[in-house]
Amino acid sequence: MILVTGSAGFIGFHLVKRLLNIGNTVLGLDNLNDYYDVKLKKDRLKKLGINVNLKDIDYSNNSFSFIIGDLSDQIIWKKINKFNITAVIHLAAQAGVRYSLIKPFEYISSNIVGFQNVLEYCDNNKIDNLIYASSSSVYGKSKNIPFTESDQCVNPESLYAATKRSNELFADVFYKTKGLSSIGLRFFTVYGPWGRPDMAPFLFTKSALKKEKIKVFNHGDQKRDFTYIDDIVDGIVQVFNSKDKITGSEIFNIGRGKPVNLMDFINIIEKNLNIEIKKEMMEAQIGDVELTYSSTKKLNLFTGYNPKISLEEGINKFIKWYLDYYN
689 MILVTGSAGF IGFHLVKRLL NIGNTVLGLD NLNDYYDVKL KKDRLKKLGI
739 NVNLKDIDYS NNSFSFIIGD LSDQIIWKKI NKFNITAVIH LAAQAGVRYS
789 LIKPFEYISS NIVGFQNVLE YCDNNKIDNL IYASSSSVYG KSKNIPFTES
839 DQCVNPESLY AATKRSNELF ADVFYKTKGL SSIGLRFFTV YGPWGRPDMA
889 PFLFTKSALK KEKIKVFNHG DQKRDFTYID DIVDGIVQVF NSKDKITGSE
939 IFNIGRGKPV NLMDFINIIE KNLNIEIKKE MMEAQIGDVE LTYSSTKKLN
989 LFTGYNPKIS LEEGINKFIK WYLDYYN
């Protein structure tokens, strides 16, 4: 059985769906926090056959079991210990670069303490198949283009980025001191159906349909390596199923490798909606970076990873989902 943390989240939901479709049994865990609309998280779980109510914390549906709980809570680990877990894919985290400036302790509890508990669990239970989510944010304002895994990531621009880099360092120390092997995946600007409401595709589409202005930070002078959710899940599953097992603490970028100017991104949304979006040009926000750009050469050599979905196709799929979900 595979433990997938953050399984009601955007990436976690899509990953669990894929794992179940290819014949795996999965234990999902999520604290269902209210960082964004909890209804969206519950609706994702419904798609996985789990109907969450307010009374229970344990659920099961054929090949998928689900627990509501927080990784920083030791009681939850006692519940997890009742299952025969053979692999862990750790996606749970307090997300959001900007939110980390407002609620820093949320990030320490979830991203640091929670991850430490994941490492301890894997070590105690001799689980040698651990994959965890890192982030492109660890690169900060790196001048090395494109970003490669060998870059020195020593200047995070936000607390969120610092916690993700800390995860990588913790994983490395656990290998050196306890022999626990792991793989960290640095995700690059993931988008698609069932995405997070605090991310640009969601925010811009919502504002466009309401005829509201969108805030364009750094006067639109930003580029992002937007990566469609199916390509991300392909990469995770390819790493998970790789015949070449990792010994050590390894890191891989997982992106599209084709950064897009923010204004071009907005233009694609406008074309799909047939709406001209009103824009309010803003200064850059603290914690933001001007560019994310992944080199996926290392991952390609390891698994054959090759992202397939263009931004135009991905945005089209996202907007079709958005219009259907919100009627």
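Okay, so the sequence shown: first residue is 689 according to the numbering used here, each after it adds one.
For each residue, glycine too, the CB sits at the ideal point set by N, CA and C.
Under a Cβ-count criterion, where at least 16 other Cβ atoms within 10 Å of its own Cβ denotes burial, should residue i be classed as buried or exposed?
i, result
"Gln-782", "buried"
"Leu-736", "buried"
"Leu-807", "buried"
"Lys-729", "buried"
"Gly-992", "exposed"
"Asp-718", "buried"
In the structure shown, what three-state DSSP assignment does residue i receive?
i, result
"Arg-884", "coil"
"Phe-862", "helix"
"Tyr-916", "strand"
"Ile-796", "helix"
"Phe-953", "helix"
"Lys-814", "coil"
"Gly-716", "strand"
"Thr-935", "coil"
"Thr-877", "coil"
"Phe-771", "coil"
"Ile-963", "coil"
Tell me where the alpha helix (DSSP H) around residue i begins and ends.
i, result
"Arg-944", "Run containing Arg-944: none; DSSP gives neither H nor E here."
"Asp-839", "Here Asp-839 belongs to no alpha helix (DSSP H), and DSSP marks it neither H nor E."
"Leu-1011", "999-1013"
Using DSSP's beta-bridge definition, name the partner residues of residue i.
i, result
"Lys-735", "According to DSSP, which records beta bridges pairwise, Lys-735 is partnered with nothing at all."
"Val-904", "Met-969"
"Ser-788", "Looking at the DSSP assignment, Ser-788 forms no beta bridge with any residue, so it has no partner."
"Tyr-820", "His-778 and Gly-872"
"Ser-982", "Phe-835"
"Thr-693", "Leu-717 and His-778"
"Lys-911", "Asn-949 and Leu-979"
Residues in the same chain with beta-carbon distance under 6 Å from residue i, minus the five sequence neighbours each way, listed in chain order, please.
i, result
"Pro-1034", "In this structure the chain extends from 689 to 1015, so residue 1034 is not present and cannot be described."
"Tyr-723", "none"
"Ile-777", "Val-692 and Ile-819"
"Tyr-1010", "Thr-893"
Between which residues of its own chain and residue i is the CB-CB distance below 7 Å, once the five residues before and five after are set aside?
i, result
"Asn-960", "Ile-1003, Asn-1004 and Ile-1007"
"Asn-949", "Lys-911"
"Asp-816", "Ser-869"
"Ala-858", "For the record, residue 858 in the displayed sequence is Phe; it is not Ala. Around Phe-858: Phe-803, Gln-804 and Leu-807."
The beta strand (DSSP E) with residue i in it runs from where to where?
i, result
"Asp-746", "746-749"
"Val-704", "No beta strand (DSSP E) contains Val-704, which is instead part of the alpha helix (DSSP H) from 698-709."
Using C-beta distances below 8 Å, list every residue in its chain close to residue i, excluding the 5 sequence neighbours before and after it, in chain order.
i, result
"His-702", "Gly-880, Trp-882, Ile-917, Asp-918, Ile-920 and Val-921"
Hey, is residue i close to the ligand ATP, as in C-beta under 7 Å from one of its heavy atoms?
i, result
"His-907", "The ligand ATP is not among the ligands present in this structure, which contains no ligands whatsoever."
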